[in-house]
Amino acid sequence: MTEQAMSRAMSATAPARLLSETLIGRRVSVIALAAALVTPGVAFAQDAATTANANPTAKAQVEATTTQAEPTPAPAAPAETPAEAAAATVDENIVVTGIRAGLASSAKIKRQSVLIVDSVSAEDVGKLPDVSIADSLARLPGVTAQRLEGRDQRLSIRGLGPDFSTTLLNGREQVTTGDNRGVEFDQYPSEFFKNVNVYKSADASLIAAGIAGTVDLRMLRPLDQGKRILAVSARGQMNGIDKLNPDGTRYGYRASATYVDKFAGDTLGIALGLSATQTPSQNERYNAWGYSGTGTDADPFLVNGAKPYVQSNKLKRFGGVATIEWRPSDTFHSTFDALYSHFEETQILRGIEFPLGGQLASAGTANGTTVSNVTSANGFATQATFGNVFGVQRNDYNQRKADNYSLGWNNDLKLTDTIHLNVDASWSHADRTDFLLETNTGTGFSKTGVADTVTVKQNGNGTYTFAPTLDYTDTNVFKLTDPQGWGNNGNQQVVQTGFLNRPSFKDDLKSLRANLNGEFSDSVVKGWEAGVNYSQRKKTSAYTSYFLCPPGGGTNCTVASGSPLSSTVPADALLGTNVALGYLGIPQMLTLDPLSLYNNTLQSAFDGRPSALVRDNVVLEKIWTGYAKVTIDGMVGDKPLKGSIGTQVIHSDQSSTGQIASVVNGVVTIAPVSQGVKYTNVLPSATMSLELIPLGFVKMGASQTMIRPRLDQERVTQDVAINLTNIGQTPAGLFPVFTSTGGNVNLKPYKSTNIDMSFEKYFNAGGYVALSGYFKHLTDFVDPNNSLPYDFSGLLPALTPAQQAQVIAAGQTTGNVSTPANTGRGEVLGVEATLSLPFKAITSFLDGFGVFASGNYTESTIKYASNPTQAITLPGLSAWTGSGTIYFEKHGFQARANYRYRSSFLAEVAGLSANPTYRTARAEAILDAQIGYEFQSGPLKNFAILAQAKNLTDRPFVTYQNDDPRQVIDYQRYGRDYYVGVTYKF
Numbered sequence: 014m015t016e017q018a019m020s021r022a023m024s025a026t027a028p029a030r031l032l033s034e035t036l037i038g039r040r041v042s043v044i045a046l047a048a049a050l051v052t053p054g055v056a057f058a059q060d061a062a063t064t065a066n067a068n069p070t071a072k073a074q075v076e077a078t079t080t081q082a083e084p085t086p087a088p089a090a091p092a093e094t095p096a097e098a099a100a101a102t103v104d105e106n107i108v109v110t111g112i113r114a115g116l117a118s119s120a121k122i123k124r125q126s127v128l129i130v131d132s133v134s135a136e137d138v139g140k141l142p143d144v145s146i147a148d149s150l151a152r153l154p155g156v157t158a159q160r161l162e163g164r165d166q167r168l169s170i171r172g173l174g175p176d177f178s179t180t181l182l183n184g185r186e187q188v189t190t191g192d193n194r195g196v197e198f199d200q201y202p203s204e205f206f207k208n209v210n211v212y213k214s215a216d217a218s219l220i221a222a223g224i225a226g227t228v229d230l231r232m233l234r235p236l237d238q239g240k241r242i243l244a245v246s247a248r249g250q251m252n253g254i255d256k257l258n259p260d261g262t263r264y265g266y267r268a269s270a271t272y273v274d275k276f277a278g279d280t281l282g283i284a285l286g287l288s289a290t291q292t293p294s295q296n297e298r299y300n301a302w303g304y305s306g307t308g309t310d311a312d313p314f315l316v317n318g319a320k321p322y323v324q325s326n327k328l329k330r331f332g333g334v335a336t337i338e339w340r341p342s343d344t345f346h347s348t349f350d351a352l353y354s355h356f357e358e359t360q361i362l363r364g365i366e367f368p369l370g371g372q373l374a375s376a377g378t379a380n381g382t383t384v385s386n387v388t389s390a391n392g393f394a395t396q397a398t399f400g401n402v403f404g405v406q407r408n409d410y411n412q413r414k415a416d417n418y419s420l421g422w423n424n425d426l427k428l429t430d431t432i433h434l435n436v437d438a439s440w441s442h443a444d445r446t447d448f449l450l451e452t453n454t455g456t457g458f459s460k461t462g463v464a465d466t467v468t469v470k471q472n473g474n475g476t477y478t479f480a481p482t483l484d485y486t487d488t489n490v491f492k493l494t495d496p497q498g499w500g501n502n503g504n505q506q507v508v509q510t511g512f513l514n515r516p517s518f519k520d521d522l523k524s525l526r527a528n529l530n531g532e533f534s535d536s537v538v539k540g541w542e543a544g545v546n547y548s549q550r551k552k553t554s555a556y557t558s559y560f561l562c563p564p565g566g567g568t569n570c571t572v573a574s575g576s577p578l579s580s581t582v583p584a585d586a587l588l589g590t591n592v593a594l595g596y597l598g599i600p601q602m603l604t605l606d607p608l609s610l611y612n613n614t615l616q617s618a619f620d621g622r623p624s625a626l627v628r629d630n631v632v633l634e635k636i637w638t639g640y641a642k643v644t645i646d647g648m649v650g651d652k653p654l655k656g657s658i659g660t661q662v663i664h665s666d667q668s669s670t671g672q673i674a675s676v677v678n679g680v681v682t683i684a685p686v687s688q689g690v691k692y693t694n695v696l697p698s699a700t701m702s703l704e705l706i707p708l709g710f711v712k713m714g715a716s717q718t719m720i721r722p723r724l725d726q727e728r729v730t731q732d733v734a735i736n737l738t739n740i741g742q743t744p745a746g747l748f749p750v751f752t753s754t755g756g757n758v759n760l761k762p763y764k765s766t767n768i769d770m771s772f773e774k775y776f777n778a779g780g781y782v783a784l785s786g787y788f789k790h791l792t793d794f795v796d797p798n799n800s801l802p803y804d805f806s807g808l809l810p811a812l813t814p815a816q817q818a819q820v821i822a823a824g825q826t827t828g829n830v831s832t833p834a835n836t837g838r839g840e841v842l843g844v845e846a847t848l849s850l851p852f853k854a855i856t857s858f859l860d861g862f863g864v865f866a867s868g869n870y871t872e873s874t875i876k877y878a879s880n881p882t883q884a885i886t887l888p889g890l891s892a893w894t895g896s897g898t899i900y901f902e903k904h905g906f907q908a909r910a911n912y913r914y915r916s917s918f919l920a921e922v923a924g925l926s927a928n929p930t931y932r933t934a935r936a937e938a939i940l941d942a943q944i945g946y947e948f949q950s951g952p953l954k955n956f957a958i959l960a961q962a963k964n965l966t967d968r969p970f971v972t973y974q975n976d977d978p979r980q981v982i983d984y985q986r987y988g989r990d991y992y993v994g995v996t997y998k999f
């Protein structure tokens, strides 16, 4: 039966109709009841911006013009203050390049903005200061990055994770190749961007701002360039750890080319960019299953099991950008941007799962393990010998392919001397497909083969080494099978020799924006702007999964149908070189080609479990945003004052389609479901910048902002479980018959009331010092583990009359529904400090040397209604973060070292079946460095060479549980990375 036919057959059953009528037809859905707990309120925007013209999404580069073809064009720039003019004169007299040019550009953006903003600027065409965008952003105050597969990826801003910020491209909201809203910065080649700005406060004209902050990626504008540019670069990469798998690699490359030119009397400009990269990485992975025991000398903590792997990754990406800019007159300006990026990552993982203390026979596990020769120290079993161990050898292959598209067309028309009309249309789209393949080998099906004896010994870093007695490369002993008998299709046991997940995602966002802006003359109120934006975002998630079993008979891989319990390992699947897990004491393991097994050996069976069927969903958001603001530019006494006051009104129409699924008496039933909700938020904002002393600013902002929940939390799907074994048992609360788990389409956005303040002093010789404070009062915070009672009486007809009578007599018609809800509230507050200091400001003898340093402290108190006395830990929040860069650059020579630190934090990692889970990550301190030289004259003029090194401290990524750093769960060592590159500008 095909998957489609199977779905049609299941949806036609009576229980499915009952589910549909009970949870949807009566319009008293589980999700609606959860939403009844939410009290919607009015939100505010965030503080406004004033660059030279109070416009946060204006061109974020030093060479900004006063009239721009951008999503939010700005009125004419106000006159410079005398102090700013003096600073500009100093800037013009100092000819800097590379590192110093990038820092000077970032400082100018920060100085001219009324918003509280931090920036990273390209040191040259196509060259941000680090290997990736996330690397560069992680150096900014209050910004941290969590490493995934050795790469900086998941950004937190001011203690709030990626779910609380948004990413823009040239001022336009972008979709993501990830599962939810948080943008994965690997999807963008860093060579394409002139600036990357992090706005930590918002403005009425800044559409789709986040609560934590807004990251705006800025491409260069060809008409702003003084001359034709043609630059090419190439770089090689080598992992410090040799390839851990025979079919992996430790070598990679990166190449890019940029062309910028102007035509038609400098009225038409074109910028083109191409980039290609292959980035390898190695990962020595250790994962513990947790610990049993109480941590006393009599009952020490004992490792429940472990899953060590060696992992080799290869990320391949190529992409291109194009910008066409046309300004035929002073009254019309048009800009078209296009970006395409193809992303492909392959992961090869091999390892052995050892069930240990978590399967002790003495604790009641059938055919469980035994333990002896236990030695302990400080309440921890530091060494033990486990018997009757049935290990699971894994040879896995993961591949992700993604395509990212972004188009934007902006047109600015000058209607009068003081009024502009701007229309901006954009489209952002991402497609992603995953191929996640697991294969298993063991000595026999469901603990029936040869058992192993494994001695474990704790290492100083919290991991364990393993000393098995079996030869894990012996194909006479190890077979294709389900060694632990874990396979189950929801109704009966299957021979799970492997498993295949094939999820796919489509994320599509269309937006149209129009606004008018103008100026007032002879007034402190300098300008005004009013506009409307319509956007439609549609995220489609589709999941397909299969059980894989040995060939030779049976149906659907079930044991009862006679599916073979094991089969020999085919010779053509052997790679010939066996992998060592030497870092944990395991000499070798059987090394197979998982794709060969999938394509030539294993048979598959569709995964029709309810939990698998309800994953498919579509979330649709239609958003209307209207806004208006006025900008301020005047004097308070003799002190220059700039600012803005504005309001956004946002009307949201969000909906979701999916299905409800259950299983009764071995029959899976599904029913289609859809639901939607509409609501409106008002978001006012105000901000100001007062120049108290020459080049000394006090910036303040007060605002309310909002950000929408995770897309997987807005899904309508529900997985309803009917547990027949609990019928008639009491108390009913401990033995529920009916339960349900799913999303909540009625979720409202997180809301935050914000107070921001920054003190900034800029030096005439370049650089600045800044001290910022922030306070956020958060409401409608989503509790992902919320549950509530629900009357499932409408599902009683799915049971037999006798079962119904028992359920009613035992009071079991009420069950729990697990669905996220807006029940949380609390505060986040913190302080940031930044120093950018070229040492020439101290003495001319140190010209070329400088330092950029920042630090941040954040604390939070967020509580859910379900547990109002216990504050939660915010994912991604490190109480203390810091970064320091010391550099030298002069006469073409440059050198830089960067050290960054973050204290422990709650990290999002992949859990069971790749579902996200949270664990405490150990504090990290990472050192990067680079050195280079650009020829200043002769035949090699404009030719540059560069050498870089990442993670020189060889710092691993480590998580632990129960607030006990000794109880290590994840230990991942990525090693160091080295790069050598060349660049030439024609």
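Sequence positions in the sequence shown follow my numbering and run 14 to 999. Just so it is clear, CB atoms sit at the ideal spot from N, CA and C, and this is done for glycine as well.
Under 7 Å between C-beta atoms of F918 and L953: Taking the sequence shown and counting its residues from 1, one reaches residue 918 at position 905. Taking the sequence shown and counting its residues from 1, one reaches residue 953 at position 940. Contact: no.
Using CA coordinates, which residue listed in V592, K789, S459 and S702 is at the minimum distance from I365? Walking along the sequence shown from the start, residue 365 turns up at place 352. Comparing Cα positions, the closest option is V592.
Per DSSP, which one or two residues make a beta bridge with S419? The residue you call residue 419 lines up with position 406 of the sequence shown. Partner(s): L352 and S441.
Once DSSP output is grouped into helix, strand and coil, what is the label at K320? Indexing the sequence shown from 1 puts residue 320 at position 307. K320 falls in the coil class under three-state DSSP.
Across the stretch 578 to 588 and the stretch 382 to 392, are there enough close Cβ pairs to call them in contact, namely three or more that are closer than 8 Å? no
State the beta-bridge partners of N911 as determined by DSSP. The residue labelled residue 911 in the question sits at position 898 within the sequence shown. DSSP, once it has assigned bridges, lists T898 and D941 as partnering N911.
Taking the beta carbon of D983 as the centre, do at least 16 other beta carbons fall within 10 Å, making it buried, or is it exposed? As a position in the sequence shown, residue 983 is number 970, starting the count at 1. Buried, since its Cβ has 16 or more Cβ neighbours within 10 Å.
Based on Cα-Cα distance, which residue from D990, S269, I599 and Q672 lies nearest to P202? Taking the first residue of the sequence shown as 1, we reach residue 202 at position 189. Out of D990, S269, I599 and Q672, S269 has the C-alpha closest to the C-alpha of P202.
Contacts around W302, its chain only, beta-carbon distance under 6 Å, and the 5 residues preceding and following it disregarded: By 1-based counting over the sequence shown, the position of residue 302 is 289. Excluding sequence neighbours, W302 sits near N317, G318 and G371.
Residues bridged to P653 (per DSSP): Translated into positions along the sequence shown, residue 653 becomes position 640. P653 pairs with M648.
Using only the alpha-carbon positions, how far apart do L287 and V273 sit? Numbered from 1 along the sequence shown, position 274 holds the residue referred to as residue 287. Numbered from 1 along the sequence shown, position 260 holds the residue referred to as residue 273. Looking at the two C-alpha atoms, the distance is approximately 12 Å.
With a cut-off of 8 Å, do at least 3 Cβ pairs link the stretch 453 to 473 to the stretch 544 to 556? no
Note the first and the last residue of the continuous alpha helix (DSSP H) segment covering Q974. Reading the sequence shown from its first residue, position 961 is the one you call residue 974. No alpha helix (DSSP H) holds Q974; DSSP gives it neither H nor E.
Give me the DSSP bridge partner(s) of P851. As a first step, residue 851 must be located in the sequence shown, where it is residue number 838. Bridge partners of P851: G863.
For D447, write down the residues that DSSP places opposite it in a beta bridge. Residue 447 sits at position 434 when you count from the first residue of the sequence shown. Note: D447 sits in a beta bridge opposite R413.
What's the C-alpha gap between V729 and N183? Position 716 of the sequence shown, counted from the start, is the residue given in the question as residue 729. Position 170 of the sequence shown, counted from the start, is the residue given in the question as residue 183. If I take the Cα positions, the gap works out to 33 Å.
Can you name the start and end residues of the alpha helix (DSSP H) that R526 belongs to? On the sequence shown, position 513 is the one that residue 526 refers to. Run containing R526: none in the alpha helix (DSSP H); it sits in the beta strand (DSSP E), S517 to E532.
Inter-residue Cα distance where the pair is S617 and S580: The residue labelled residue 617 in the question sits at position 604 within the sequence shown. The residue labelled residue 580 in the question sits at position 567 within the sequence shown. Computed Cα separation, rounded: 15 Å.
Alpha-carbon spacing of N193 relative to D521, whole angstroms: Here the question's residue 193 lines up with position 180 in the sequence shown. Here the question's residue 521 lines up with position 508 in the sequence shown. Cα-Cα distance, rounded: 12 Å.
For the beta strand (DSSP E) holding A247, just list the boundary residues, first then last. By 1-based counting over the sequence shown, the position of residue 247 is 234. Segment I242 to N252, the beta strand (DSSP E) holding A247.
By the DSSP assignment, the alpha helix (DSSP H) with A464 in it spans what residues? Taking the sequence shown and counting its residues from 1, one reaches residue 464 at position 451. Counting along the chain, A464 falls outside any alpha helix (DSSP H), and DSSP gives it neither H nor E.
Counting only the same chain and skipping the five closest in sequence on each side, list residues whose C-beta sits under 8 Å from that of V820. Within the sequence shown, residue 820 is the residue found at index 807, counting from 1. So the qualifying residues of the chain are I740, G741, V750, L809, L812 and T826.
Report back the beta-carbon spacing between P259 and L588 to the nearest angstrom; my notes put them in contact at under 8 Å. One-based indexing of the sequence shown puts residue 259 at position 246. One-based indexing of the sequence shown puts residue 588 at position 575. With 8 Å as the limit, P259 and L588 qualify as a contact, their Cβ atoms being about 6 Å apart.
Close Cβ partners of F331 (< 6 Å) along its chain, the five nearest in sequence each way excluded: Position 318 of the sequence shown holds residue 331. Contacts found: A289 and H355.
Run through DSSP, which three-state label would M14 get? By one-based count along the sequence shown, residue 14 stands at place 1. With a pLDDT of only 35 at M14, under 50, the local geometry of the prediction cannot be trusted, and no value is derived from it.
Under the assumption that T510 contacts D495 (Cβ atoms under 8 Å), give the Cβ distance between them as a whole number of angstroms. Locating residue 510 in the sequence shown gives position 497, counting from the first residue. Locating residue 495 in the sequence shown gives position 482, counting from the first residue. About 6 Å; that satisfies the 8 Å criterion.
Name the one or two DSSP bridge partners that T660 has. Mapped onto the sequence shown, residue 660 falls at position 647. DSSP, once it has assigned bridges, lists A641 and P697 as partnering T660.
Relative to the C-alpha of Q717, which residue among A217, S419 and D176 is closest? Counted from its first residue, the sequence shown places residue 717 at position 704. For Q717, the nearest C-alpha among the options comes from A217.
For G308, the nearest candidate out of A277, Y946 and R979 (CA to CA): In the sequence shown, counting from the first residue as 1, residue 308 sits at position 295. The residue with the shortest Cα to Cα distance from G308 is R979.
Cut-off 6 Å between Cβ atoms - residues of its own chain near L428, not counting five sequence neighbours on either side: Against the sequence shown, residue 428 aligns to sequence position 415. So the qualifying residues of the chain are L434.
Comparing alpha-carbon positions, which option in M770, G253 and L561 lies nearest P607? Here residue 607 corresponds to residue number 594 of the sequence shown, with the count starting at 1. Answer by Cα proximity: L561.
The alpha helix (DSSP H) that contains R124, what's its start and end? Along the sequence shown, one-based indexing puts residue 124 at 111. R124 -> alpha helix (DSSP H) spans G111 to Q125.
Where does F276 land, buried or exposed, given buried means 16+ other C-beta within 10 angstroms? For the purposes of this step, residue 276 is taken as residue 263 along the sequence shown, with counting starting at 1. Counting Cβ neighbours within 10 Å, F276 comes out exposed, since fewer than 16 surround it.
Cβ contact (3+ pairs, closer than 8 Å) linking the stretch 681 to 699 and the stretch 652 to 659: yes
CB-CB length for V490 against F479, believed under 8 Å: Looking up residue 490 in the sequence shown gives position 477. Looking up residue 479 in the sequence shown gives position 466. Incorrect: roughly 17 Å between the Cβ atoms, too far for contact.
Anticipated Cβ contact below 8 Å, D732 with P623, distance rounded: The residue labelled residue 732 in the question sits at position 719 within the sequence shown. The residue labelled residue 623 in the question sits at position 610 within the sequence shown. Contact flag correct, Cβ pair sits at about 5 Å.
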